[in-house]
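Basically my numbering = 1-based index in the sequence shown + 4.
Here's the structure we're looking at; comments come further down.
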Amino acid sequence: MLNKIVYRYIDRPRITRWVAEEILDGLSRGLGSIETTLDLGLSREKIVLEKEGVILRGQLIRYDELRETRYDRVYEVYENKLNEIVLRDRHIYILKPVSKEDAPTLEIDGIHMHRIKDVTPWIDSLMKVKVAKVSRGHVVLDTCMGLGYTAIHSLLRGARKVYTIEVDENVIEITMHNPWSRRLGDERVEVIKADATKAIHYFRDEMFDRIIHDPPRFSSRTGDLYSLEFYRELYRVLKPHGILFHYTGEPGVHGGPKIVKGVGDRLRKAGFFVKYNNKVKGFIAYKIK
């Protein structure tokens with residue numbers, strides 16, 4: 005049985021170093037209030053600058069605390085304190101901003117889960133959904149949820165149902181603190197906590213119009229997500245004439261062209277017709293019949 009999660013977004017003010025600098029600049033100019041973002045750019049609101057500190061939705065944050073913020077952290081306002089959105093378990097999970105008003109990325113043990121060079125995480129995810137040609141009425145499988153951006157873009161392009169799978173409970177927890185992930189609470193989204201290579205067996209034949217497969221970097225731990233057996237299951241659950249997009253990353257980086265070639269060869273063995281898209285760094289795979 006699939007373990008379906010009831011997604012719950014935790015609505016608190018979030019700020020970055022860029023917002024902290026705006027507030028401190030307003031203080032230095034003697035302003036009584038400024039307008040800024042408390043949800044990483046999704047909206048703007050007025051905040052009051054008091055003598056003791058800044059008021060963020062009824063909570064007082066002292067200016068000295070703002071001065072100590074870092075550019076590589078998102079902070080959540082809770083109980084009149086700034087708390088880094090960081091989880092430490094066997095790994096270190098950091099919600100990492102890329103600018104004042106763009107969607108953040110997720111960093112796990114120093115590795116970014118999105119491309120951030122010459123593209124934002126939000127646009128990176130949109131590009132993957134576009135090349136998969138997700139459109140109105142589609143049922144979509146998102147095999148590796150992460151922050152949920154590909155699932156959300158699928159909704160924005162009209163998908164009527166999105167199944168998104170995430171094996172790591174810490175990643176799911178981080179999404180509940182990320183304003184850009186909050187659409188995962190949409191009734192059209194099923195968030196499933198599972199290993200995708202096992203969850204795939206619970207889906208019926210020819211269930212999905214589109215599949216987005218954006219796995220973590222290839223390693224001994226993630227190898228099953230790149231296996232022929234898994235690709236055959238993806239082929240089984242995809243409808244005839246359906247499209248799978250499989251992100252691989254940069255050829256020549258993190259394993260080199262050998263890994264990319266192996267992915268293409270195994271997708272073909274599974275039955276797909278494939279072509280590599282260098283702009284989006286992955287294979288577009290078609291189920292011809």
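Just so you know, even glycine gets a beta-carbon here, dropped at the ideal spot from N, CA and C.
In the DSSP assignment, what residue or residues form a beta bridge with Ala24? Taking the first residue of the sequence shown as position 1, residue 24 is located at position 20. Its beta-bridge partners do not exist; DSSP assigns none.
Taking the beta strand (DSSP E) that Pro219 belongs to, which residues open and close that run? Translated into the one-based positions of the sequence shown, residue 219 becomes position 215. Taken as a continuous stretch (DSSP letters only), Pro219 belongs to no beta strand (DSSP E), as it is neither H nor E.
Just verifying my parser: in three-state terms, what is the DSSP assignment at His95? What you label residue 95 is simply residue 91 of the sequence shown in a count that begins at 1. Correct three-state label for His95: coil.
Leaving out five residues before and five after Ile204 in sequence, what residues of the same chain have Cβ atoms less than 6 Å from its Cβ? The residue you call residue 204 lines up with position 200 of the sequence shown. So the qualifying residues of the chain are Glu237.
Thinking C-beta only, is Arg164 closer than 8 Å to Arg187? By 1-based counting over the sequence shown, the position of residue 187 is 183. By 1-based counting over the sequence shown, the position of residue 164 is 160. By the CB criterion at 8 Å, Arg187 and Arg164 fall outside the cutoff.
For the candidate residues Arg119, Asp218, Trp184, whose alpha-carbon lies nearest to that of Thr168? Walking along the sequence shown from the start, residue 168 turns up at place 164. Selected option, being the one with the closest Cα: Asp218.
Beta-ladder partner(s) of Tyr167, from DSSP: The residue you call residue 167 lines up with position 163 of the sequence shown. Paired residue(s): Leu145, Glu194.
Apart from the five residues on each side of it in sequence, which residues of its chain come closer than 7 Å, Cβ to Cβ, to Arg16? By 1-based counting over the sequence shown, the position of residue 16 is 12. The residues are Glu80, Val81, Tyr82.
Residues in the same chain with beta-carbon distance under 6 Å from Asp93, minus the five sequence neighbours each way, listed in chain order, please. Here residue 93 is taken as the residue at index 89 of the sequence shown, counted from 1. So the list reads Asn174, once near-sequence residues are dropped.
Is the separation between the beta-carbon of Lys100 and that of Glu88 shorter than 8 Å? Taking the first residue of the sequence shown as 1, we reach residue 100 at position 96. Taking the first residue of the sequence shown as 1, we reach residue 88 at position 84. No, the Cβ-Cβ distance between Lys100 and Glu88 is not below 8 Å.
Inter-residue Cα distance where the pair is Val52 and Phe249: To locate residue 52, count along the sequence shown from 1; it is residue 48. To locate residue 249, count along the sequence shown from 1; it is residue 245. Spanning the two alpha carbons is a distance of roughly 47 Å.
Please check the pair Phe212 and Gly246, which I expect to be a contact at CB under 8 Å, by giving their CB distance rounded to whole angstroms. For the purposes of this step, residue 212 is identified with residue 208 of the sequence shown, where counting begins at 1. For the purposes of this step, residue 246 is identified with residue 242 of the sequence shown, where counting begins at 1. At roughly 6 Å, the Cβ-Cβ gap stays under 8 Å, so Phe212 and Gly246 are in contact.
Which residue spans inside the region 36-83 form an unbroken alpha helix (DSSP H) run of at least 4? 67-71
Would Glu210 pass as a contact of Lys243 if the rule is Cβ separation under 8 Å? Here residue 210 is taken as the residue at index 206 of the sequence shown, counted from 1. Here residue 243 is taken as the residue at index 239 of the sequence shown, counted from 1. Yes, the Cβ-Cβ distance between Glu210 and Lys243 is below 8 Å.
Might you give, ordered along the chain, the residues of its own chain that have their beta carbon closer than 6 Å to the beta carbon of Tyr97, omitting 5 neighbours on each side? In the sequence shown, residue 97 corresponds to position 93, counting from 1. Here the set comprises Leu91, Ile112, Asn174, Ile178.
Sufficient close CB pairs (3 or more, under 8 Å) joining the region 57-76 to the region 15-33: yes
Is Asn7 helix, strand or coil by DSSP? For the purposes of this step, residue 7 is taken as residue 3 along the sequence shown, with counting starting at 1. Three-state DSSP puts Asn7 in coil, outside helix and strand.
If we call anything under 8 Å between Cβ atoms a contact, is Ile292 one with Val135? The residue you call residue 292 lines up with position 288 of the sequence shown. The residue you call residue 135 lines up with position 131 of the sequence shown. Going by beta carbons, Ile292 and Val135 fall outside the 8 Å limit.
Would you check if the distance between the CB atom of Ser103 and the CB atom of Val133 is smaller than 8 Å? The residue labelled residue 103 in the question sits at position 99 within the sequence shown. The residue labelled residue 133 in the question sits at position 129 within the sequence shown. Against a cut-off of 8 Å, the Cβ pair of Val133 and Ser103 comes out as no contact.
How many angstroms separate the CA atom of Thr147 from the CA atom of Leu28? Locating residue 147 in the sequence shown gives position 143, counting from the first residue. Locating residue 28 in the sequence shown gives position 24, counting from the first residue. Note on geometry: alpha-carbon atoms of Thr147 and Leu28 lie some 42 Å from one another.
Pick out whichever of Thr252, Asp106, Ala24 has its Cα sitting closest to the Cα of Leu222. As a working mapping, residue 222 is identified with position 218 in the sequence shown. The sequence shown places Phe at residue 222, not Leu. Taking only the C-alpha atoms, the option nearest Phe222 is Thr252.
What do you get for Arg140, buried or exposed, if any count of 16 or more other CB atoms within 10 angstroms of its CB means buried? Sequence index remark: in the sequence shown, residue 140 carries index 136 (1-based). Under this definition Arg140 is an exposed residue.
Could you tell me if Asn182 is buried or exposed, where buried requires 16 or more neighbouring beta carbons within 10 angstroms of its beta carbon? Taking the sequence shown and counting its residues from 1, the one referred to as residue 182 is at position 178. Counting of Cβ neighbours within 10 angstroms places Asn182 among the buried residues, the total reaching 16 or more.
Return yes when the Cβ of Ala155 is within less than 8 Å of the Cβ of Trp126, no when it is not. Numbered from 1 along the sequence shown, position 122 holds the residue referred to as residue 126. Numbered from 1 along the sequence shown, position 151 holds the residue referred to as residue 155. Not a contact, by the Cβ cut-off of 8 Å.
Supposed contact pair Val264 and Arg214 - C-beta distance, whole angstroms, cut 8 Å: As a first step, residue 214 is located in the sequence shown; it is residue number 210 there, counting from the start. As a first step, residue 264 is located in the sequence shown; it is residue number 260 there, counting from the start. Rounded, the Cβ-Cβ distance is 22 Å, inconsistent with contact.
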